[in-house]
Every structure is written in C-alpha cells, then in structure tokens.
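A.B. asks: By our numbering, the letter at position 219 of the sequence shown is numbered 226, and the numbering carries on one by one without gaps.
We treat Cβ as the ideally placed atom computed from N, Cα and C, and that holds for glycine.
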Amino acid sequence: MNVRKLKHTLGDYAVLTLACVVFTFAWESFMIPNGMSSGGLVGLCTVVQYVTGGAIQASVSYIVINVALILLSILVFGIGFGFKTLYCIALNTALLQVFGGMEFLHAIPGQFLYVREPILIPIIAGVLEAVGVGLTIKHGGSTGGTDIVALMVNKYWPVSLSRVFLFTDFVIIFSLLIVPGKTFADMVYGFEMMVTFSLVIDWVIGGARNSYQVLVFSEKYKEIADHIIYKLERGVTVLKAQGWYTKKDKDVLLILISQSQMPQLTRAIKEIDSKAFMSVGPTNNVYGEGFEEIKAGITPRKKQNTTKDEQ
8 MNVRKLKHTL GDYAVLTLAC VVFTFAWESF MIPNGMSSGG LVGLCTVVQY VTGGAIQASV
68 SYIVINVALI LLSILVFGIG FGFKTLYCIA LNTALLQVFG GMEFLHAIPG QFLYVREPIL
128 IPIIAGVLEA VGVGLTIKHG GSTGGTDIVA LMVNKYWPVS LSRVFLFTDF VIIFSLLIVP
188 GKTFADMVYG FEMMVTFSLV IDWVIGGARN SYQVLVFSEK YKEIADHIIY KLERGVTVLK
248 AQGWYTKKDK DVLLILISQS QMPQLTRAIK EIDSKAFMSV GPTNNVYGEG FEEIKAGITP
308 RKKQNTTKDE Q
C-alpha cells in the first residue's frame with residue numbers, strides 16, 4: 008500500500024469514527040434518556056430496552072441482532088461484509104455503552120443538554136443521526152441492521168430498498184405502542200425523527216436526489232466499466248462519440264447510479280484515472296432493475312419463453 012492510499016484509508020477511518028460518535032450520541036444523549044424511539048435497528052433495540060425495563064440494554068441487542076443478520080446474509084449472498092461495516096458495527100456497540108453511562112451528556116433535567124420542549128428532541132436527534140449515517144455511507148461504511156434486511160429482501164423480491172426501509176421503520180415505530188406506559192405522542196415523536204432524518208441525510212450525502220446520471224470521459228474506460236459492473240454491480244453503457252476539436256473517436260461511459268453508491272463511484276474513477284472527466288446530473292426518476300419499479304397503472308405481462316423473431 009503506497010503512502011497516498013494509506014493516508015486516504017486512515018482518513019476514511021477517522022471520518023467513520025467521528026460518524027459513529029455522532030450517530031450513537033444522537034440516541035444515547037437525546038432519544039433514549041427521554042424514553043423516545045424511532046426507526047432503524049437502534050430504534051428496535053430501544054424498544055427492547057423499554058419492554059425489558061432496561062434489563063437488555065440497546066447496545067447488547069444491537070450487537071446480537073447485527074451478528075445474526077450478518078451470519079444470515081453470508082448464507083444468502085455467499086459473501087462476507089467489508090471491514091468498514093464490521094468496524095462501524097463494533098464501534099457503535101461500544102459507543103452506545105459509553106454514552107449510556109455518561110449521564111452528564113444526557114438531555115435530561117439538570118444537565119447542560121436538557122431541552123425543555125420535547126418536540127425538539129427528535130429533530131435534534133434526527134439531524135445528528137443523519138449526519139452520522141450520511142458520513143458513514145460516503146466513506147464506504149454501514150451501520151448494518153435494516154440495511155442488511157433490505158438487501159436480502161431486494162434479492163428475492165422486486166421491492167426497492169427505500170420501500171423496505173420505510174416499511175421496517177413504520178413497524179418499529181408502531182411497536183412502541185406495545186411498551187407499557189407509551190402513548191400515541193411517543194409514536195409521533197418517532198415519526199418526527201424519521202422525517203427529519205430522511206430530509207437531512209439527502210443533503211449530507213450530496214444532494215436531494217435519489218440517483219444520478221454520470222458521463223465519464225477517460226482513456227481507461229474499460230477498467231472503469233469493469234469496476235462498475237463487477238465491484239459496484241451496476242450496469243454501464245458505452246457511447247460512441249467524437250471530439251469535434253480533435254476529430255477523434257472516443258468512448259464515453261453512461262452510468263445511472265443510486266445516491267448511496269455515488270461516493271464509491273467517484274472514488275473508484277479517481278483511483279483508476281485521476282485525469283478522467285466526469286459530468287454528473289441528478290435525476291428525479293429512474294425506473295427499472297436496481298431502481299424503482301415502473302408505475303404505469305397496468306399489470307405487466309409474463310415473459311414468454313420465445314420471442315416472435317425466435318419462432
């Protein structure tokens with residue numbers, strides 16, 4: 008590993024560490040001390056903590072559920088997880104315990120971070136969580152949990168990842184009502200944090216769009232195309248073009264990619280060809296495999312075994 012790549016890797020882990028601190032701080036300093044919860048795996052773990060009266064802390068169920076999901080995903084996908092994801096899960100587990108024991112950092116009466124208006128607590132926590140998760144995604148990590156569930160569901164059913172996240176978050180937030188003493192207001196606080204998180208994370212990752220259309224101009228277009236197909240598992244199209252000044256033929260890559268994978272793509276292109284030229288445009292709607300399903304108000308016909316030309 009050369010010095011430049013080493014510095015880049017160390018920088019990634021420094022940001023991932025900061026992201027985990029912000030992510031766990033949002034929960035253990037604001038949400039959990041005030042008996043609140045929201046979506047995601049940590050949200051589910053807080054529900055477990057409340058139901059058991061604190062006998063099972065969120066940090067304990069967080070690591071147990073994540074380990075179970077990782078083992079299950081290895082059986083489903085036949086591959087392991089990147090070290091960055093494992094690092095984030097392990098660090099989040101430790102930090103949940105650390106912040107949980109630091110009462111002076113809890114937003115409760117008598118402490119510096121105390122917020123008098125309860126309605127503001129989910130907003131503050133939602134912003135902090137979005138910053139933590141957004142930075143984690145931008146630098147190639149993951150907090151595990153519902154991310155793993157969404158990928159496994161998406162493998163076998165044509166359901167977009169965003170819909171899986173939305174469904175699981177709704178179920179987790181509604182489950183607050185099974186906790187003794189919790190009311191409708193507690194559930195509303197959960198949705199408040201979920202909406203805040205959804206709005207802010209788009210900005211953190213790099214825009215309010217869900218996907219991008221990318222044009223890449225590079226002499227090493229073959230290496231970049233192979234990386235996109237085999238590493239990012241995304242499709243890529245090669246367009247034939249001509250530079251009008253030089254009158255030379257060129258090959259241009261056209262890529263449609265999700266917002267969460269955009270940081271990986273730009274990093275890979277920079278590593279393969281630092282002189283590559285990129286044109287990035289946000290897209291409002293992308294339909295098809297790997298993105299949203301086409302919504303046309305009709306029922307698609309089943310595929311035939313043979314086409315008209317083959318008969």
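1. Ordered along the chain, which non-local residues of its own chain (more than five positions away) have a Cβ less than 8 Å from that of Lys277?
2. Under a three-way DSSP split, which group does Phe280 fall into?
3. From which residue to which residue does the alpha helix (DSSP H) around Leu184 run?
4. What is the DSSP secondary structure of Leu120, counted as helix, strand or coil?
5. Taking the beta strand (DSSP E) that Gln249 falls in, what are its first and last residues?
6. By a C-beta neighbour count over all protein chains shown, 10 Å radius and 16 as the cutoff for buried, is Leu78 buried or exposed?
7. Just to confirm, are Tyr69 and Leu93 a CB contact at a threshold of 8 Å?
8. Look at Ile264 and Ser225 and say whether their C-beta atoms are less than 8 Å apart.
9. With which residues is Leu263 paired in a DSSP beta bridge?
10. Looking only at its chain, what residues have a beta carbon closer than 6 Å to the beta carbon of Ala196, apart from the 5 residues adjacent to it on each side?
11. Could you tell me the distance, in whole angstroms, from the CA atom of Asn319 to the CA atom of Ala114?
12. Can you name, in chain order, every residue of its own chain whose Cβ lies under 7 Å from the Cβ of Phe106, other than the five neighbours on each side?
13. What ranges does the alpha helix (DSSP H) occupy inside the region 9-33, keeping only unbroken runs of at least 4 residues that lie completely in it?
14. In three-state DSSP terms, what is Gly288?
15. Out of Leu51, Ala248 and Phe90, which has the shortest C-alpha to C-alpha gap to Ile72?
16. Beta carbon of Ala137, beta carbon of Phe204: below 8 Å?
17. Which whole-angstrom value describes the C-beta separation of Met38 and Thr53, a residue pair presumed to lie in contact below a C-beta threshold of 8 Å?
18. Is DSSP giving Lys145 helix, strand or coil here?
19. Can you name, in chain order, every residue of its own chain whose Cβ lies under 8 Å from the Cβ of Leu120, other than the five neighbours on each side?
20. For Ile126 and Gly133, I'd like the C-alpha separation in whole angstroms.
21. Take every Cβ of the region 168-178, pair it with every Cβ of the region 150-159, and state whether three or more of those distances are shorter than 8 Å.
22. My output table needs one value for Lys91: the three-state DSSP class, helix, strand or coil.
23. When we look at the beta-carbon of Val10 and count the other beta-carbons within 10 Å, is it buried (16 or more) or exposed?
24. Leaving out the 5 sequence neighbours to the left and right, which residues in its chain are closer than 8 Å to Leu135 when beta-carbon positions are compared?
25. Can you tell me where the alpha helix (DSSP H) holding Ile236 begins and where it ends?
26. Just to confirm, are Cys95 and Thr143 a CB contact at a threshold of 8 Å?
C.D. replies: Here's the rundown:
1. Here residue 277 refers to the residue found at position 270 of the sequence shown. Counting only Cβ-Cβ distances below 8 Å, and skipping sequence neighbours, we find Ala283.
2. Counting from 1 along the sequence shown, the entry for residue 280 is found at position 273. Looking at the sequence provided, one finds Asp at residue 280 rather than Phe. It is coil, neither helix nor strand.
3. Residue mapping note: residue 184 aligns to position 177 of the sequence shown, counting from 1. First-last for Leu184: undefined, no H or E at that position.
4. To locate residue 120, count along the sequence shown from 1; it is residue 113. Reduced to three states, the DSSP call for Leu120 is coil.
5. Working through the sequence shown from its first residue, we reach residue 249 at position 242. Thr244 to Gly250 is the span of the beta strand (DSSP E), which, as asked, contains Gln249.
6. Numbered from its first residue, the sequence shown carries residue 78 at position 71. Under this definition Leu78 is an exposed residue.
7. As a working mapping, residue 69 is identified with position 62 in the sequence shown. As a working mapping, residue 93 is identified with position 86 in the sequence shown. In this structure, Leu93 does not lie closer than 8 Å to Tyr69 by Cβ.
8. On the sequence shown, position 257 is the one that residue 264 refers to. On the sequence shown, position 218 is the one that residue 225 refers to. For Ile264 and Ser225, no; Cβs fall outside 8 Å.
9. Within the sequence shown, residue 263 is the residue found at index 256, counting from 1. Bridge partners of Leu263: Gln220.
10. Along the sequence shown, read from residue 1 onward, the residue named residue 196 stands at position 189. First, the residue type needs correcting, since residue 196 is Tyr and not Ala in the sequence shown. So the qualifying residues of the chain are Met43 and Pro129.
11. A query on residue 319 cannot be resolved here, the shown segment of the chain reaching from 8 to 318 and no further.
12. As a position in the sequence shown, residue 106 is number 99, starting the count at 1. Closer than 7 Å at the Cβ level, and outside the excluded window around Phe106, lie Thr31, Phe32, Glu35, Ser36 and Leu112.
13. 10-32
14. Within the sequence shown, numbered from 1, the residue matching residue 288 stands at position 281. Of the three classes helix, strand and coil, the one that applies to Gly288 here is strand, per DSSP.
15. Locating residue 72 in the sequence shown gives position 65, where the first residue counts as 1. Closest option to Ile72, judged by alpha-carbon separation, among Leu51, Ala248 and Phe90: Leu51.
16. For the purposes of this step, residue 137 is taken as residue 130 along the sequence shown, with counting starting at 1. For the purposes of this step, residue 204 is taken as residue 197 along the sequence shown, with counting starting at 1. Against a cut-off of 8 Å, the Cβ pair of Phe204 and Ala137 comes out as a contact.
17. In the sequence shown, residue 38 corresponds to position 31, counting from 1. In the sequence shown, residue 53 corresponds to position 46, counting from 1. With a beta-carbon spacing of about 7 Å, Met38 and Thr53 fall inside the 8 Å limit used to define contacts.
18. The count along the sequence shown starts at 1 and reaches residue 145 at position 138. Of the three classes helix, strand and coil, the one that applies to Lys145 here is helix, per DSSP.
19. Residue mapping note: residue 120 aligns to position 113 of the sequence shown, counting from 1. Result list for Leu120: Ser36, Phe37, Leu112, His113 and Ala114, in chain order.
20. Counting from 1 along the sequence shown, the entry for residue 126 is found at position 119. Counting from 1 along the sequence shown, the entry for residue 133 is found at position 126. Between Ile126 and Gly133, the C-alpha separation is close to 12 Å.
21. yes
22. Position 84 of the sequence shown holds residue 91. In the structure shown, Lys91 sits in a helix (DSSP, three-state: H, G or I).
23. Against the sequence shown, residue 10 aligns to sequence position 3. Burial call: exposed.
24. By one-based count along the sequence shown, residue 135 stands at place 128. Taken in chain order, the residues that qualify are Val29, Phe30, Phe32, Ala33 and Phe37.
25. For the purposes of this step, residue 236 is identified with residue 229 of the sequence shown, where counting begins at 1. In this chain, the alpha helix (DSSP H) harbouring Ile236 covers Tyr228 to Tyr237.
26. One-based indexing of the sequence shown puts residue 95 at position 88. One-based indexing of the sequence shown puts residue 143 at position 136. Closer than 8 Å, so yes.
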